[in-house]
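S.K.: Under the working numbering, the first residue of the sequence shown is numbered 287, with each subsequent residue one higher.
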Amino acid sequence: MKTIPHLLISVVVATSVSAIAILSVQNATPVSLNFLFFQSIEIPVGVVLALSATAGILGGAILQPMWSIPGGSGGAGGQGSRGAGERGRWG
């Protein structure tokens, strides 16, 4: 029964790739990125979108194992380093 999750993941990836392709074809005007006093070369919007999506996917894949570290600030249930029976300040 693992075919349905794989199918849904494939549909999401295909939809996002198609959306990036359509946006990059429609917005072929070059843009330059500005951050503080740094400025990049002029590159098409589609390349910026593709690089941003790639950075987000890789960042999520790298950070995902950290969410399941015991005693960390993240994790399932949002308990953090507190025990299951302890309550926080607001709840």
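Every residue, glycine too, gets a C-beta built ideally from N, C-alpha and C.
DSSP has PHE321 in a bridge; who is on the other side?
M.R.: Numbered from its first residue, the sequence shown carries residue 321 at position 35. The partner list for PHE321 (beta bridge, DSSP) reads PHE324.
S.K.: So, at 8 Å on beta carbons, what are the nonlocal neighbours of ILE306 in its own chain, with the 5 sequence-adjacent residues on each side left out?
M.R.: The sequence position of residue 306 within the sequence shown is 20, counting from 1. Here the set comprises GLY332, LEU335, ALA336, ALA339.
S.K.: Can you tell me where the alpha helix (DSSP H) with THR289 in it begins and where it stops?
M.R.: Counting from 1 along the sequence shown, the entry for residue 289 is found at position 3. Residues 289 to 312.
S.K.: Taking VAL311 as the reference, give the member of TRP353, LEU322, PRO330 with the closest Cα.
M.R.: Position 25 of the sequence shown holds residue 311. The shortest Cα separation from VAL311 among TRP353, LEU322, PRO330 belongs to PRO330.
S.K.: Given ILE348, which residues of its chain have a CB within under 7 Å of its CB, disregarding the five upstream and five downstream residues?
M.R.: Translated into the one-based positions of the sequence shown, residue 348 becomes position 62. Within the same chain, ILE348 has no close Cβ partners at all.
S.K.: Could you give the first and the last residue of the continuous alpha helix (DSSP H) run that contains THR340?
M.R.: By one-based count along the sequence shown, residue 340 stands at place 54. That run of the alpha helix (DSSP H) goes 331 to 349.
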